[in-house]
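Asks: Numbering (this note's numbering), first residue to last: 13 to 116.
This structure is in structure tokens; I'll ask about it shortly.
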């Protein structure tokens, strides 16, 4: 997991970004493996059951359609960036999406 001042005092922030990356199919296998190993601890901290992403979704009361919303927003933003001659990385998108949609 990244060490970045962006995440100081905001432990849920990085997890939300990883949730977004998972939703758009851009979560690395290394991150996936680490999150799977952390699942029992996440369940203990945030409550809930299931996989790590289900625990995070439950912790902040995400609606069931959130992955589809994230996927659609990603597709739209990639197209907007393309038409402007810009590149949008998955991590940049995840940060922007979390900043705009979740109070972490």
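We treat Cβ as the ideally placed atom computed from N, Cα and C, and that holds for glycine.
The structure presented is a predicted model; accordingly, all values stated were derived computationally and were not measured.
Using the C-alpha atoms, what's the distance from residue 50 back to residue 61?
Replies: Residue 61 and residue 50 have their C-alpha atoms some 13 Å from each other.
Asks: Less than 8 Å between the beta carbons of residue 28 and residue 114, yes or no?
Replies: yes
Asks: To the nearest angstrom, how far is the alpha carbon of residue 92 from that of residue 24?
Replies: 28 Å
Asks: Is DSSP giving residue 28 helix, strand or coil here?
Replies: In the structure shown, residue 28 sits in a helix (DSSP, three-state: H, G or I).
Asks: Which value, in whole angstroms, describes the spacing of the CA atoms of residue 13 and residue 46?
Replies: Any reading at residue 13 needs caution, since the residue's pLDDT is 48, under 50, leaving its predicted position unreliable; the model's value is listed next. When rounded, the separation of the alpha-carbon atoms in residue 13 and residue 46 is 8 Å.
Asks: Tell me the DSSP secondary structure of residue 75 in three-state form.
Replies: coil
Asks: With a threshold of 7 Å on Cβ separation, who are the neighbours of residue 30 within its own chain once the five nearest residues in sequence on each side are excluded?
Replies: 39, 43, 47
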